[in-house]
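Input: a single structure, listed below in structure tokens.
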Amino acid sequence: MPSPTVVATKNGASPTPSSAAVLENGKSTSTAIEKETDGLMNGEGEQTEQDQEYVEAVKRLEKVKVPARDDEHWRKILEEDDETSKRLANSSTQEEIRKEIEIILGPSKDWSSNSEEVQTFRETFKKIQYFEKSDRKSEDREAFLPPVFLSVEPINPNELNKKILINVNCTLHGNKATKTLECDYNTSADDFAELFLNKLNTAHQQKRKKEDWVFKAAGTAEFMYGDYKMAQFDHIRKCMKKGVKPTLTLLDKETVKAELDPRDVTLKTVSYDFKHEKDQKLYVHEEMCFGKNDWSKMKYISLWDLVKCCRVKLVGVDNLVGNQITQPDNTYLYFCCELYHGGTPLSRQKFSKMVPFSRSPRWNQTIVFDEVLISDIPRETKLCLTLFARDVTAKNSSGKDPLHAPHHVSSKDIALGYTIKTLINFKGFLNQGDVVSAMWPNDRAKPISVVAENTGSDETPIFVSYQFDRYALPVVFPQGRPPKKMAKRLLSYEQKLSEHFKDSFANLNGIQLDRKLNEIISKDPLEILTDEEKYLLWTNKERIMEIPKALPKFILSVPWKMPQAVFIAHTLIQRWKPMTPVDALELLDYNFADEKVRQYAVERLNELGDVQLSDFLLQLVQTLKYELYHDSSLARFLLQRGLRSTHIIGHILFWHLKAEMHVPYAKERHGLLLEEYLLNSGGHRRELLKQSGVLDQLLEIAIKIKHEKKATVTEALIQHLQTLKQPPKYKLPLSPRMEVIGIIPEKCRVMDSAKRPLWLCFKNADETGDDLYVMFKAGDDLRQDLLTLQVLRVMDQLWKKEGLDLHMQPYGCICTGYMTGMIEIVLNSQTIANVTKKRAGVAGAFKQDPIYKWLKEHNTDEEWDTVVNNFVHSCAGYCSATYVLGIGDRHNDNIMITKKGDLFHIDFGHFLGHFKTFAGLKRETTPFVFTPMYAYVMGGENSEMYEKFSDLGCKAYNILRKYGHMIMTLFTLMLGTGIPELSSIDDVLWLRKCLILNATDEEADNAFREKIKESLGNIRARINDGVHILAHRK
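Residue 856 in my numbering is what sits at position 850 of the sequence shown, and the numbering runs on without skipping anything.
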């Protein structure tokens, strides 16, 4: 059986109807969220809110560019069988491979420049592959099999001797048969194979050996073999959780191997040297420094010899339109200039003089950063230039001339554009001479802003011209130990700090000092360290090296303008007690710019297995934006792990990267990584070709459907789907486990919600599996749903790690491109709104028994205790999760329930406390949704199950608090995504507010119990549900 699925959707900050879809007993039934679209869509009445959503969706889709295709080439690819596809994948010429890559990504000129960095990236990776292939270890072809999907949740030792019954489909004497066998949780897959085959051989006079056979989970592309315990396999765990008997299919290994690409064997050991141990050119200071080398023979200048202030000359701006300027005659322009290392400013803001507004204003002014010497700048220093406009219509009250150089940015000043430039280029050379940069419009430079030139916006950008100092030779950023004079400077600096802070910490004894250090280390990732705290961490660095979680705080305490301090920090990182891989994620935040620090984080992440790593790929792809250069340890790491595991990591990595190929500041980097992946992924490239081909056709159909009349829309969809060109077999982007052999047009339909998502039914490639139902969305932004569902999945794993299974259902969701994506559909479930209104209409929102009666209808008395237990656990999980995440728009159409009592939430278009309002009032007035209707299922407020719910909710809440730092990190790593409700640290502060990390567990327990009471007693939540049913009645 495929895993249960659901659908949900949201368009950024704008309200959308819920998109949960339901199947009752395998038949399609409309839900409350499939609303009738009146007005514009059916030509009657006035335009409604849904009409506006529809119009907006169509406008968005007008911006979607469906790649131009060579139809004949596509037809051949889509009609290939597996054997042909493998053969062509391994015999294609470079020209043919490039053609296939162009089909998937579009022409490279559309997404990449011809810059020196781009050319060097391609040349470097070409060399890596050339030498890497010759060094690549030879893998045993005979031992090669598809990857296994293991559960990341720990095994309860008490369950290892638990018995499980497993159905096994097999072929006996040419006939299909199903046998049932019992085994322990602790039994390995190979031992289970031996046990099963021994019984089969005895009963049916067979001579089968376990070495020749593997198991495959029925209905999904998951294999089971090896020394892994049966309880470790994800499919087995899910079946046990649902109380269903696992069904496996016995397959001979040769049949399985025949479907694999031979290249996958060698890819298992592919290496991209993400530690940069082979291809990094070293420039040693002693070999370049003044006074020790003959000037006539010198090829480079060491940056550490340039003891002079950083400076940049602002020349002027061209192509300045200034559409935001209402009074150009009274408008003056100025630049705000900043130097940053990650999120740390290296100098005070510097401002240019003010010049009159014009299309091509000129400054010809040198800006001097007198607090920063060139010899001291960190490798990752970036220059941030923002162009501001100021209205100087009236003089200020002091009578001073408003045209003097500004000392700060006024709240009334308008940011016209910005650019960010690294002082050290990708080769390690100091930038020199003239520079012309295309600016990003209508915003100011921020520490989190991506370092990329504006080469992809729709309008002609503003260009800024500026100059760096010129030198007789290239200036190189050196490696190794800095000269002694820098060590002396650091010592002098530390002495000054010690004198400055002597009154603060001089009287601390050892115990007090450790307590203070632990207090600082325990601060959450959003806390900004004070100068005193940085000093204390830096001067006690040797004392805290045995505390893994202290490393991020220590890195933030490093005086980055001291090369000797940076050298010491790099040395200590290698000696530091290793962080856990998940904790090391924090070091990829934008605050941590140092390449050695980020490389360390990547090394730690490499300890994760494929399945666990896949849970964090969303963040890892986004943090590529924080890398200063295309070639980074993180980029190499993702390529290496993706190619080593094409069917797990590679599949997900591809779609996360491709989903943002329309983003101007991301497309070049993403395109280069995708190009490199596709060049070397062999058979998987052609699998992705097939997926992309089907998706492009579905997108074309979705666009056409938007313009169909409502009465004929489903008929039109079926007609379009009947002409769909599909491969004989392919996987869905939603999951590498979902393999299909085609779409079933007559089981597909168009949802009635305003944006007309497509309800699609696919035929499972496994004849023993059920059909797969998927929602295809076009014209809707799914990024927020994707993030929320990923975090819910991580929360579920954290609870299970602590021995708490709260029956979470974080259904599948994937973004596949601009405003497009796929969402899984849950079977045999209903929205609370549907359950309620079928019982008593609008009045049902105020009754206590609708859910209770609906569950009673679908379950026997013997099943009732299990159903209530499911309801209690799932309520506890979603109440704590939605409270912490600040999930908004929680009406009864965005909450669903299965027939077995598992409650779950959908449609996460509002989070982190960004609640919807009506007439200036917040719609959300409770911490989370828990009404008397829910308590009634549990037996009322004084029942044992209600108390169990309260205990579970509090326990779940405290577990989330325990891992609060990690949860915050998952969001801070996504700040560069462009999600409207996650655009700054201020948004993430919601998590700190709700997690109350400084409270004790007992205090948090009491606080959460109060939240339960508050939610239960809030009448406005029930009124909101009633109004929603009234507004969306059919």
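Each residue gets a CB set at the ideal place from its N, CA and C atoms; glycine is no exception. From a predicted model like this one, the values you see are computed outputs, not experimental measurements.
Coil, strand or helix - residue i by DSSP
| i | result |
| --- | --- |
| residue 935 | coil |
| residue 47 | Residue placement at residue 47 is flagged as unreliable, the pLDDT there being 34, under the threshold of 50; a coordinate-derived value is accordingly withheld. |
| residue 1023 | coil |
| residue 246 | helix |
| residue 770 | strand |
| residue 907 | coil |
| residue 226 | coil |
| residue 277 | coil |
| residue 952 | helix |
| residue 500 | helix |
| residue 781 | strand |
| residue 870 | helix |
| residue 101 | helix |
| residue 361 | strand |
| residue 54 | A caution first: residue 54 carries a pLDDT of 48, below 50, which makes its placement in the model unreliable, though a value can still be read off. Coil. |
| residue 316 | strand |
| residue 745 | strand |
| residue 720 | helix |
| residue 547 | coil |
| residue 967 | helix |
| residue 258 | strand |
| residue 923 | strand |
| residue 166 | coil |
| residue 552 | coil |
Bridge partners - residue i, DSSP secondary structure assignment
| i | result |
| --- | --- |
| residue 397 | 337 |
| residue 444 | 469 |
| residue 308 | 482 |
| residue 135 | Bridge partners of residue 135: none, in fact. |
| residue 421 | 394 |
| residue 570 | The partner list for residue 570 (beta bridge, DSSP) is empty, contrary to what the question assumes. |
| residue 346 | 351, 388 |
| residue 368 | 322 |
| residue 430 | 436 |
| residue 765 | 755, 781 |
| residue 156 | 239 |
Exposed unless 16 or more other CB atoms sit within 10 angstroms - verdict on residue i
| i | result |
| --- | --- |
| residue 1049 | What the structure shows of the chain is the stretch from 7 to 1040, and residue 1049 is not part of that stretch, so it cannot be assessed. |
| residue 327 | exposed |
| residue 788 | buried |
| residue 971 | buried |
| residue 459 | buried |
| residue 1023 | exposed |
| residue 372 | exposed |
| residue 821 | buried |
| residue 290 | exposed |
| residue 1036 | exposed |
| residue 235 | buried |
| residue 405 | Reliability fails at residue 405, whose pLDDT of 48 lies under 50, so the model's placement of it is uncertain and the value that follows must be treated cautiously. It is exposed - the Cβ of residue 405 has fewer than 16 other Cβ atoms within 10 Å. |
| residue 343 | buried |
| residue 755 | buried |
| residue 1016 | exposed |
Residue i Cβ short of 7 Å to the ligand MN heavy atom set
| i | result |
| --- | --- |
| residue 304 | The model depicted lacks the ligand MN and carries no ligand whatsoever. |
Legend entry - Ranges of the alpha helix (DSSP H) found wholly within the segment 171-212, counting only runs of at least 4: 195-210
Inset, instruction - Taking 8 Å as the threshold, find out whether the segment 861-874 comes into contact with the segment 789-809 through three or more Cβ pairs. - result: no
Legend entry - Runs of beta strand (DSSP E) lying entirely within the segment 807-851, each at least 3 residues, in chain order: 819-823, 826-830, 835-837
Inset, instruction - Quick one: which unbroken alpha helix (DSSP H) runs of 4-plus residues sit fully inside the segment 619-672? Chain order, please. - result: 623-628, 639-650, 657-664
Legend entry - Segment contact flag, the segment 945-959 with the segment 982-998, C-beta cutoff 8 Å, min 3 pairs: no
Legend entry - Segment contact flag, the segment 587-594 with the segment 608-615, C-beta cutoff 8 Å, min 3 pairs: yes
Legend entry - Stretch-stretch touch, CB-based, cutoff 8 Å, three pairs: the segment 748-767 with the segment 892-906: no
Inset, instruction - Would you check if there are 3 or more beta carbon pairs closer than 8 Å linking the segment 690-710 to the segment 776-787? - result: yes
Inset, instruction - Indicate whether the contact test is met: 3 or more Cβ pairs, each with one atom in the segment 427-441 and one in the segment 382-402, closer than 8 Å. - result: yes
Inset, instruction - Take every Cβ of the segment 444-459, pair it with every Cβ of the segment 474-481, and state whether three or more of those distances are shorter than 8 Å. - result: no
Inset, instruction - Pair every Cβ in the segment 344-352 with every Cβ in the segment 561-569, then say whether three or more of these pairs are closer than 8 Å. - result: yes
Legend entry - Meets three-Cβ-pair contact criterion under 8 Å: the segment 962-981 and the segment 935-945: no
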